[in-house]
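Asker: Read left to right, the sequence shown gives residues 0 to 114 (numbering that gives the first Met the number 0).
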Amino acid sequence: MTYALITGASKGIGKCIARELAQKGYNLLLVARSTDLLQAVAQELEQEFAIKALVLSVDMSHPEAAQTIFNFCEQQHLAVSILVNNAGYGLSGKFEKYASSAHEAMLQVNIMCLT
Ligand SMILES: NC(=O)c1ccc[n+]([C@@H]2O[C@H](COP(=O)([O-])OP(=O)(O)OC[C@H]3O[C@@H](n4cnc5c(N)ncnc54)[C@H](OP(=O)(O)O)[C@@H]3O)[C@@H](O)[C@H]2O)c1
Numbered sequence: 000m001t002y003a004l005i006t007g008a009s010k011g012i013g014k015c016i017a018r019e020l021a022q023k024g025y026n027l028l029l030v031a032r033s034t035d036l037l038q039a040v041a042q043e044l045e046q047e048f049a050i051k052a053l054v055l056s057v058d059m060s061h062p063e064a065a066q067t068i069f070n071f072c073e074q075q076h077l078a079v080s081i082l083v084n085n086a087g088y089g090l091s092g093k094f095e096k097y098a099s100s101a102h103e104a105m106l107q108v109n110i111m112c113l114t
């Protein structure tokens, strides 16, 4: 079954894109950390647009996150035809205000995982 995979779908732009794609009839795989928010989005879109919406809670700052998402798609036999690499954020303020681990986590989410 053809799916659109949207990262960062629990809120903001990702949630809006999920709605747009659901409206066009796409089934969805919604990825982010917040399980409750993801489930609420999935339920809302399934009811409104009669599509199938799966959720996967993953912290994309973890190095194995991309493989976890790939494995889930394989296990569920999902044919992903659209990938929306939306999850991300920016640390604000002075660079030195943050521990190197915080910079690494952001790079992992914004660059490594989506690549
Ligand atoms: N809004 C703007 O003006 C703007 C401008 C330029 C670029 N962008 C980029 O556009 C994208 C969406 O922006 P937005 O304004 O919609 O942001 P947002 O409302 O803060 O939403 C960010 C999304 O990314 C997810 N996310 C963050 N860290 C994550 C992690 N470690 N693992 C998995 N998911 C994670 C969040 O879900 P959880 O918290 O549930 O994990 C959430 O669903 C971001 O990449 C942002 O940098 C936005």
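C-beta: ideal position from N, C-alpha, C; glycine also. Bear in mind the structure is a predicted one, so any value in this text is a computation, not a measurement.
Does the distance between the C-beta of tyrosine 88 and the nearest non-hydrogen atom of ligand 1 fall short of 7 angstroms?
Answerer: Yes, since a heavy atom of ligand 1 falls inside the 7 angstroms radius drawn around the Cβ of tyrosine 88.
Asker: Using 10 angstroms around the beta-carbon of cysteine 112, count the other beta-carbons present and answer buried if the total reaches 16, otherwise exposed.
Answerer: Buried is the call here.
Asker: Sort out for me which residues DSSP pairs isoleucine 12 with in a bridge.
Answerer: According to DSSP, isoleucine 12 bridges with nothing at all.
Asker: When you compare only the Cα positions, how much space is there between alanine 104 and leucine 20?
Answerer: Using only the alpha carbons, I get a separation of about 29 angstroms.
Asker: Quick one: what's got a C-beta closer than 6 angstroms to glycine 89's C-beta in the same chain, skipping five residues either side?
Answerer: There are no such residues.
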